[in-house]
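One structure is given here, and the rest of the page talks about it.
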Amino acid sequence: MRKLALLLAVAALAAAQEAPAPPAEYAKDAEATQPRPGPLGFSTLWMNPLEWTWVNSGRDDTEIYFHHEGSAQARMISKAEGKPPKEQLEETLERLRKIDPEARVSFEEDRKLNGAPMLCVQIVVGEKDDKPVVYYGYLYGDDTRTVQLFTIAAQAYLPALYVDLTSLLNGLQIAPPQGGVQ
């Protein structure tokens, strides 16, 4: 009986020490054939030109993309400052809570996208107004830079747009750091 208890304790300890599963890996779609340099040169966004159009934002740190149906947009913001994705998420939530104090994260997952570690999130804003909007995107950060890419669409349109939104997001490639390897 003592041996069984000891074996169970050792098994429980070994299970507790198991490494977490590696993040799911994602890559750009075959339909994403048009590269667009991201703000500040930190990334490239590969997109399907039949689904998305780039427009000038008037800012060096921001790019804007419109879905061809007009029911969604995407924004990429790059900054020359190192900040972990979780910290970026908290700052994003703080900004969105100025629009809706009840803004909330509905999905969060660590991923590897085109070789780079990312935090994938969905944030829901405006649920109390019966017109919720979903911010669905990726957050990247290293020691010297950050890149955020969010699609923005009314929650009611998500079922019809989900494939196009995900395809655009998965086209994000982070450039190697200046003078180094990612």
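All residue numbers for the sequence shown refer to this note's numbering, where the first residue is 35 and numbers rise by one. Note that the Cβ used here is the ideal one computed from N, Cα and C, for glycine as well.
* Taking all protein chains shown into account, do 16 or more other C-beta atoms lie within 10 angstroms of the C-beta of V44, making it buried, or fewer, making it exposed? -> Residue confidence is low: V44 scores 49 on pLDDT, short of 50, so the model does not pin down where it sits. No coordinate-derived value is stated.
* DSSP state of P54 mapped onto helix, strand, coil -> coil
* **For R145, the nearest candidate out of L79, S105 and L206 (CA to CA)** => L206
* Determine contact between the stretch 75–91 and the stretch 106–115, defined as no fewer than three beta-carbon pairs at a distance below 8 Å. => yes
* State whether the stretch 186–195 contacts the stretch 122–131, with contact taken as three or more CB pairs (one from each stretch) at a distance under 8 Å. => no
* Asked: How big is the Cα-Cα spacing for D94 and A108?
  -> 16 Å
* Note down, one range per segment and in chain order, each beta strand (DSSP E) of at least 3 residues found wholly within the stretch 132–212. => 138–147, 150–159, 167–175, 180–188 and 206–208
* To do: Please report the residue range of the alpha helix (DSSP H) in which K120 lies.
  => P119 to L130
* Residues near Q122 by beta carbon distance below 7 Å, same chain, minus five either side -> L173, G175, T180 and Q182
* **Neighbourhood of A102 by C-beta, 6 Å cutoff - its chain only, sequence neighbours within 5 removed** => Sequence check: residue 102 is His here, not Ala. Hits under 6 Å: E85.
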